[in-house]
Amino acid sequence: MSFNVLMPTSEEELVSLLSNESSHILAGGTDLIVKIRLKRVIPKIVVSLKHLKGLDTIEDLGDKIRVGCRVTISELLKSEIIDRHGRIVQMALRQIGSPQIRNRATLAGNIVNASPAGDSIVAMVLTNASLSIGSANGERHERVVDFIKGPGETTLSRGEFVKSITFEKTDALFPQFYKVGQRNSMAISVASVGSLTSESEIRLAFGSVAPTVVVPIEACEYYSAKNGSFDEERFVELAMKCVTPIDDVRATAWYRTTVVRNLIHRTLKVWRKKGYNAV
């Protein structure tokens, strides 16, 4: 298989190249190259972001953090800003691939890949992340939860690209991220549970148990409404309402359901050890 690799030096040139139906964008390439090898994608043009400037920064915006589309997972894990203000993001990104993969893979690429098992997507949902999407018509902004429509499916149109990701700092919330795979490392998630908790608020997100990363809104609202005194079993049952897994090569629906239930209990147990008591 042969294709041309083009390296634009401006956003104007980039969006012009992306308007071609035979073109595919390449940031780190950890997803695209695999798809090309499996012949799931047969490009005539691969458009690399390598020479685009201004898209490789991590910026402190006060109460939020903005990450350019060229920033790699490894760069995020080394960032002092992420270490201080984005611990849940840090926890999730550590679970992605191997050091070699993290050196190439980007946060933007992981989001655009739109896998329901995407570890970074769980963290992005928990931190209310939004995307800046560039095109010939300028920029538009969209929340990650609205951007991802299903496995591998997003709202990106021809000629658009994710320019940056902005997410909330979560210093005041206690972070937890748990993932179960078929092996101890370099595993695609069978199921994952991420959380951010305080005495008055809990944010939960589940990966690999539905077509997209899901949030048990009813359970989170129940926790907040109880203002420090909630029934754990009731909370878990409410949380499980959005868990609709399938059988696939990695696990059965029954196993995923059992894993998520256990991880929710584990999340609450660890939080109680930090000084909070459920009834």
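The sequence shown begins at 1138 in the working numbering and counts up by one. Ideal Cβ positions, reconstructed from N, Cα and C, are used throughout, including at glycine. Just so you know, these numbers come straight off a predicted model, no measurement behind them.
- Inclusion of residue 1259 and residue 1344 in the CB contact set at 9 Å is warranted, their separation being smaller than that value.
- Counting along the chain, residue 1328 sits inside no alpha helix (DSSP H); it lies in the beta strand (DSSP E) bounded by residues 1328 to 1334.
- Contact between the stretch 1354 to 1373 and the stretch 1278 to 1286 is absent: fewer than three C-beta pairs spanning the two stretches fall below 8 Å.
- Beta bridge pairing from DSSP links residue 1342 with 1331.
- Shown here for residue 1348: same chain residues with a beta carbon closer than 7 Å to its own, the five before and five after excluded, namely 1253, 1287, 1288 in chain order.
- The three-state reading of DSSP puts residue 1158 in coil, since its state is none of H, G, I, E or B.
- Classified as exposed, residue 1273 has fewer than 16 neighbouring CB atoms from the shown chains inside 10 Å of its CB.
- When DSSP states are grouped into helix, strand and coil, residue 1293 belongs to the coil group.
- For residue 1201, the pairing in a beta bridge is given by DSSP as 1305.
- Across the set 1150, 1340, 1163, the C-alpha of 1163 shows the shortest separation from the C-alpha of residue 1140.
- Here residue 1315 is near residue 1329, since their CB atoms are less than 9 Å apart.
- When 1326, 1270, 1263 are compared, the shortest CA-CA separation from residue 1385 is found for 1326.
- The beta carbons of residue 1228 and residue 1312 sit about 6 Å from each other, so the pair counts as a contact at 8 Å.
- When the five nearest sequence neighbours on each side are left out, the beta carbons in the same chain lying within less than 7 Å of the beta carbon of residue 1257 are those of 1229, 1230, 1233, 1244, 1247, 1248, in order along the chain.
- The count of Cβ pairs closer than 8 Å, one atom from the stretch 1203 to 1213 and one from the stretch 1234 to 1241, reaches three, so the stretches are in contact.
- Across the set 1180, 1379, 1171, 1318, the C-alpha of 1379 shows the shortest separation from the C-alpha of residue 1351.
- DSSP places residue 1246 within a helical segment (H, G or I) once states are collapsed to three.
- The alpha-carbon of residue 1219 is positioned some 23 Å away from that of residue 1189.
- About 7 Å separates the beta carbon of residue 1265 from that of residue 1304, a gap short enough to meet the 8 Å contact definition.
- Its Cα nearest to that of residue 1399, the residue 1373 stands out among 1142, 1161, 1373, 1390.
- The C-alpha of residue 1171 lies about 11 Å from the C-alpha of residue 1179.
- At a cut-off of 4 residues, the continuous stretches assigned as alpha helix (DSSP H) that sit fully inside the stretch 1176 to 1234 are 1210 to 1215, 1217 to 1222, 1224 to 1230.
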